[in-house]
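Everything below concerns the one structure shown next.
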Amino acid sequence: MNWIKAKIKWILTAFGILGIATAAVIMGTTPPILEHLQLKAPKERILIHKTANDIRCDKHGKECKNHGLMKKYWYATNNKLPAKKASEVIPNSKANWTEDISARMHNKFVFRNEKETTSVFLVGYQMTKEIATGDWFDVEIATTTIDAFNQQTVSVLDRFRAYATVSTFYPDPSVEVTTVDGTVNTNGKATWTAARDPVSGDVATDDGTSAYIYAENIASPNLYRVSRGYYLFDTETIPDTDTISSATLSLYGGAKGDNYGDSVHIIQTAPVSNTALAVGDFSLVTFTSGSSMTLVDYIITGYNDFALNATGLTWISKTGITKLGAIMGYDLNNTDPSTLDNRNYAQMSMADVADTTEDPKLVVTHSSGWTPIIIDD
């Protein structure tokens, strides 16, 4: 029995030691990093990194040995690079060229005078621009151990901040807290102008599981109606200093009608409230297309992906609510669907569908505030 008690005591002691060690890890009490392994720049200035073989050769380069894996990283130095003169970049140049810094790239200077443009490409040298300030800096390369790199970049998110982050956003279902989705429409108008251009619509809906957008003339002599979709997303979690490289609004399709060849267009909206739609929101839209899809291509059993163009990307807010919408091409272009029974419409699921499997969604790709560099090895 005594040996059993001794074994139990040993096990408890071992667990106690492990518990202390675990607590130390959780509390972040890691040993200090040796000076030669410390990062050459704050983690915010690390542009990209990779795991590489640590191969060292003797001074004659004849014998080389692989010492295992290491972390190799590229970082923005504090050496700022203002606009250059040609003589500073081109050896023995006396040309009176000034740099067009707006055309500068990670490895290229562009010089201009009244008659000529000259580009100078750099070999083995790179630069990067800080997006927030517009300032350019030298890029240098350094190495450290994998453990030292991971310790100094703190978290998985920090370790991969040089790579693009993909964020997905949804509107709130009813009852809304931050954002809303829905439609505002006009009905039964005698003229196209009365249906498309009033200050207020007739009906606002923001609690349905599906909705229609349309631009139609559905009866004789005339019975015009227009419906517009509104999709709001809380995108303020995107860091202010990040660069947005792409964004896609996805709408889960339902029924559609395309009697006379129409398209769905993504626009910017500006409803008065972020959490409820009103008939007065009907006219609070822009008529600039941020993306489009023909009704022929619009599918009714899955997501329709609208990749935002350069204009559409400017509508994404990094400080608050992104306000998008969808309208028909006849509505966008102010084209009177004068032909009787001209049915042009698209149905899509809304946020009040259970779960988020069919909700409107906005997927945004963004990255930290530095222009990209290229690594060849």
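For the sequence shown, our numbering begins at 930 and goes up steadily by one. No residue lacks a Cβ here, since even glycine has one placed at the ideal position from N, Cα and C.
- Cβ-Cβ distances below 8 Å link residue 962 to 1077, 1080, 1081 in the same chain, with the five nearest sequence neighbours on each side left out; the list follows chain order.
- Inter-residue distance for residue 1262 and residue 1174 is about 28 Å (C-alpha atoms, whole angstroms).
- Under DSSP, residue 1294 shares a beta bridge with 1095, 1175.
- Per the Cβ contact rule, the region 1204-1223 is in contact with the region 1186-1193 (3 or more Cβ pairs under 8 Å).
- In this structure, the CA atom of residue 1095 is about 6 Å from the CA atom of residue 1293.
- The secondary-structure analysis by DSSP pairs residue 1251 across a beta bridge with 1162.
- Runs of the beta strand (DSSP E) spanning 3 or more residues and lying entirely within the region 1038-1091 occur at 1046-1050, 1056-1058, 1065-1073, in chain order.
- Annotated three-state conformation of residue 1242 is helix, per DSSP.
- From the listed residues 1282, 1241, 1301, 1300, the smallest Cα separation to residue 1111 is found for 1282.
- Non-local beta-carbon contacts of residue 1149 in its own chain, meaning distances under 8 Å to residues more than five positions away in sequence, involve 1269 in chain order.
- The bridge partners DSSP lists for residue 1275 are 1142, 1185.
- In the DSSP assignment, residue 1282 falls outside any alpha helix (DSSP H), carrying neither H nor E.
- Judged by beta-carbon spacing, residue 969 lies within the 8 Å limit of residue 1004, meaning their Cβ atoms are closer than that value.
- Comparing C-alpha distances from residue 1178 to each of 1011, 1097, 990 shows the shortest one belongs to 1097.
- Annotation for residue 1113: no alpha helix (DSSP H) segment contains it, though the beta strand (DSSP E) segment containing it runs 1110-1118.
- Sequence-distant Cβ neighbours of residue 1188 in its own chain, meaning closer than 6 Å and more than five residues away, are 1271, 1272.
- Here residue 1220 carries a strand assignment [DSSP, helix/strand/coil].
- Beyond the five residues adjoining it in sequence on each side, residue 1228 comes within less than 8 Å, by CB distance, of 1182 in the same chain, given in chain order.
- Contact check for residue 1254 against residue 1137 fails: the beta carbons are separated by 8 Å or more.
- At least 8 Å separates the beta-carbon of residue 1169 from that of residue 1108.
- Distance check between residue 1303 and each of 965, 978, 1103 places 978 closest, using alpha-carbon atoms only.
- Judged by DSSP secondary structure, residue 981 falls within the beta strand (DSSP E) whose first and last residues are 975-986.
- As computed with DSSP, residue 1233 is found in a beta bridge with 1180.
- For residue 1193, the enclosing beta strand (DSSP E) has its first and last residue at 1192-1197.
- Contact between the region 1117-1126 and the region 1239-1255 is absent, with fewer than three C-beta pairs closer than 8 Å.
- Rounded to whole angstroms, residue 1075 and residue 972 show a C-alpha spacing of 14 Å.
- As DSSP reads the structure, residue 1153 sits in a beta bridge with 1118, 1146.
- Your pair residue 1180 and residue 1233 checks out as a contact, with CB atoms roughly 5 Å apart and the cut at 8 Å.
- Here residue 1266 is not near residue 1119, since their CB atoms are 8 Å or more apart.
- If you look at residue 963, you'll find it isn't in any alpha helix (DSSP H); DSSP assigns it neither H nor E.
- Note: residue 1227 is not bridge-paired with any residue in the DSSP secondary-structure output.
- In the same chain as residue 1291, and ignoring 5 residues on each side of it, the C-beta atoms closer than 6 Å to its own belong to 1098, 1162, 1178, in chain order.
- Residues of the same chain with a CB within less than 7 Å of the CB of residue 1205, apart from the 5 flanking positions on each side, are 1105, 1109, 1135 in chain order.
- 1029 is the residue among 1059, 1029, 1280 whose C-alpha sits nearest the C-alpha of residue 1013.
- Contact between residue 1296 and residue 1172 holds, with the beta-carbon distance rounding to 6 Å and staying under 8 Å.
- Bounds of the beta strand (DSSP E) holding residue 997 are 993-1009.
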